[in-house]
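**Student:** Below you will find the structure I want to go over with you.
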Amino acid sequence: MKNIFTILLSIVLSSNTFLFAQETNIVPGNLLIMLDADNSIEQIQKDLEFLNGAKTDLKMERILSQAMHIYLFDFNASIINQEQILQAVKTNPHVKIAQFNHTFQERATIPNDALFGSMWDMNNTGQSGGVADADIDAPEAWDITTGGLTAQGDTIVVAVIDGGFDLTQEDLNFWKNYGEIPNNGIDEDGNGFMDDYDGWNGQTATDNFSAQSHGTHVSGTVGAKGNNGIGVTGVNWNVKVLPISYGGGSGSSFEANVVASYAYVMEQRKLYNQTNGTKGSFIVSTNSSFGVDLAMPSSYPLWCAMYDSLGSVGILSAGATANANYNVDVQGDIPTACSSDWLVTVTNTTRTDAKNNSCGYGTTTIDLGAPGTTVNSTYPSNTYSSISGTSMATPHVAGAIALMYSVPCAKFIADYKADPAGIALLLKDSLLGTVDVISALSGGLTVTGGRLNLFNSVKAIQNYCNANSVDEYNENESFEITSIYPNPATNLLNIVYKTNESVEISIVNVLGQEIKRIPGDSSTKGIQHSHIDISSFGKGIYFVSIISKNKKSDVQKVVIY
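This is the structure we're talking about:
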């Protein structure tokens, strides 16, 4: 596994030009600093007590992540040049990464006045001028699973990072930390966070939230209770939504709180992995429906690095792109211009399968689209409302990731627990490789050219399990696959097999569609070799088997990058 922070540090330090004048959202007097160790705090404060003869007043204000040694520092912005102190901090030997703190905005438009009574995003029948099937095929996916638990009984959790939540909304399944006694000032479960019973507030380091509409609405799309006779239905009917607040108010907040919020999520899942589920939470995805327009990742190294940190413990993150019609590839955006493999970036589609005219695009930065225009979901005080924006599109994807983990496939979950980071990437490839390709997102507008298809995503995990079912195969020992290499593969796949009869080689994708079938070498018997050109295959998971007239070998999984 690559050392993400080492790579990011080399990128940052190799950049000689920083366009500070273009950044209008820097928080005066704030620095975010990753140190080599906790005991370096006093040393760096001493080293930088003065700058160019002026007293800096540099001091550590708040711990953002104890485990990763990330801190919020203050300095005297009235007399100290912010560019100069940032450069001085970066060159200190105890500093791994340093950057400014930034403000950002939620990504949603104003709610409609009238309640949108039909959930076209889940099941579009052409209602209200829509195009039939311009949806995510949710009812078809729910025939396979409605979410909530893995095949091994893990309670699936989606962490929604947002401004605030109405925890009393009766149509939502909010997570609770039952290992913690609320408001007694004791960390009963020993996870490093005191009184985190209802979730976590990255600004106040408490579990207190304001009942804001944006986070409540986003949470409903991820996991409003299904089949309960009231309100709306989320992508998952029973998933737990972990509320994480970045604090703030009136449309803006601080980047430091985002880092602290992600750190809480990562440490909860890391603890779950380390204790085999006895502590922590089985968080599989995060949702971030906020960001900074026209921002470049070089100015936000810690924010971007958090997605790799989350990915290292098995968490995929869904990020909303800008609510502005520009090319993110060229002009930038945070978080959707961040280059992490574990980040899934989302733009906004309409009920007619068009790209909303007020949202970002990019052939290398924006992965896919999802319904985000006039989406009906939960609202505070047990009400419901329709809102438009990339904020509304993204939780469809965060919810889809969670639903994929609920497919009744014990093999997939076992593989995931053995390799959380690697299998999370395979799941991402399956999600992106099964979109509905639509003209509105093709031609350089997104990576996949398509809109989320929930049924196809869930079916891909189901086929993963079916293809690994040994009981279904091995009917005859007259032929077998002995090895496949390289795996993962890119351009050429080598298959070694043993046969005593004429056979064919079959390669099938995650949807069960046969992509390629070629004849084996029937001139000789025994060990055979086939070299297959796979350069035209899309990246993802494929399954290889040997077939004769009425028999089939065991199936072997291949990953193509």
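Residues 931 to 1491 (the numbering used here) are what the sequence shown spells out, left to right. From the three backbone atoms N, C-alpha and C, an ideal C-beta is built for every residue, glycine too. Here the structure is a predicted model, which is why all the values come from computation and not from measurement.
Hey, would you say M1334 sits closer than 8 Å to G1302, going by beta carbons?
**Tutor:** No.
**Student:** Look at A1081 and A1340 and say whether their C-beta atoms are less than 8 Å apart.
**Tutor:** Going by C-beta atoms, A1081 is nearer than 8 Å to A1340.
**Student:** Could you have a look at I1010 and say whether DSSP puts it in helix, strand or coil?
**Tutor:** Coil.
**Student:** Consult DSSP for L981 and reduce its assignment to one of helix, strand or coil.
**Tutor:** In this structure, L981 counts as strand in the three-state DSSP scheme.
**Student:** Give the secondary structure of E1434 by DSSP, where H, G and I count as helix, E and B as strand, and everything else as coil.
**Tutor:** It is a strand residue.
**Student:** Mind checking who E1036 pairs with in its DSSP beta bridge?
**Tutor:** According to DSSP, E1036 bridges with F1220.
**Student:** What do you get for I1476, buried or exposed, if any count of 16 or more other CB atoms within 10 angstroms of its CB means buried?
**Tutor:** Buried, because 16 or more other Cβ atoms sit within 10 Å of the Cβ of I1476.
**Student:** For L1441, does the three-state DSSP call read helix, strand or coil?
**Tutor:** It is coil, neither helix nor strand.
**Student:** Tell me the residue span of the beta strand (DSSP E) that contains V1188.
**Tutor:** First-last for V1188: E1185 to Q1204, but that is the alpha helix (DSSP H), not the beta strand (DSSP E).
**Student:** Buried or exposed: which applies to N1042, given that a residue is buried once 16 or more other Cβ atoms fall within 10 Å of its Cβ?
**Tutor:** For N1042, the predicted structure reports a pLDDT of 40, less than 50, and the residue's modelled location is therefore unreliable. The matter cannot be settled from this model.
**Student:** Helix, strand or coil for K932, going by three-state DSSP, please let me know.
**Tutor:** Low local confidence applies: a pLDDT of 40 at K932 is under 50, so the model's placement there is unreliable, with the coordinate-based value given in what follows. Coil, per DSSP.
**Student:** Does the beta-carbon of F1212 have 16 or more other beta-carbons within 10 angstroms, so that it is buried, or is it exposed?
**Tutor:** Label assigned to F1212: buried.
**Student:** With DSSP run on the structure shown, which of helix, strand or coil describes M1236?
**Tutor:** Three-state result, M1236: helix.
**Student:** Any idea if Q1017 is buried or exposed, counting beta-carbon neighbours within 10 angstroms, 16 or more meaning buried?
**Tutor:** With fewer than 16 other Cβ atoms within 10 Å, it is exposed.
**Student:** So what does DSSP say about I1448, is it helix, strand or coil?
**Tutor:** Reduced to three states, the DSSP call for I1448 is strand.
**Student:** Note down the Cα distance separating K1347 from L988, rounded to an integer number of angstroms.
**Tutor:** The straight-line gap from Cα to Cα measures roughly 43 Å.
**Student:** CB-CB under 8 Å to T1412, same chain, minus the five flanking residues each way: which ones, in chain order?
**Tutor:** These residues qualify, in order along the chain: V1426, Y1427, K1428 and I1457.
**Student:** Could you tell me the alpha carbon to alpha carbon distance between S1288 and T1324, rounded to whole angstroms?
**Tutor:** Approximately 15 Å between the Cα atoms of the pair.
**Student:** Can the beta-carbon of N1166 be found less than 8 Å from the beta-carbon of V1189?
**Tutor:** Against a cut-off of 8 Å, the Cβ pair of V1189 and N1166 comes out as no contact.
**Student:** Excluding five sequence neighbours on each side, which residues of the same chain lie with their C-beta closer than 7 Å to the C-beta of L1240?
**Tutor:** If we look at L1240 and ignore the five residues flanking it on each side, its Cβ neighbours are Y1192, V1195, M1196, T1216, S1247 and W1272.
**Student:** Within 8 Å, do at least three Cβ pairs link the segment 1005-1013 to the segment 954-968?
**Tutor:** Cβ pair count under 8 Å is three or more, so yes.
**Student:** Would DSSP call E1410 helix, strand or coil?
**Tutor:** The answer is strand: DSSP assigns E1410 an E or B state.
**Student:** Quick check: what's the CA-CA separation for D1078 versus G1470?
**Tutor:** Rather than Asp, the amino acid found at residue 1078 in this sequence is Gly. Cα-Cα distance, rounded: 25 Å.
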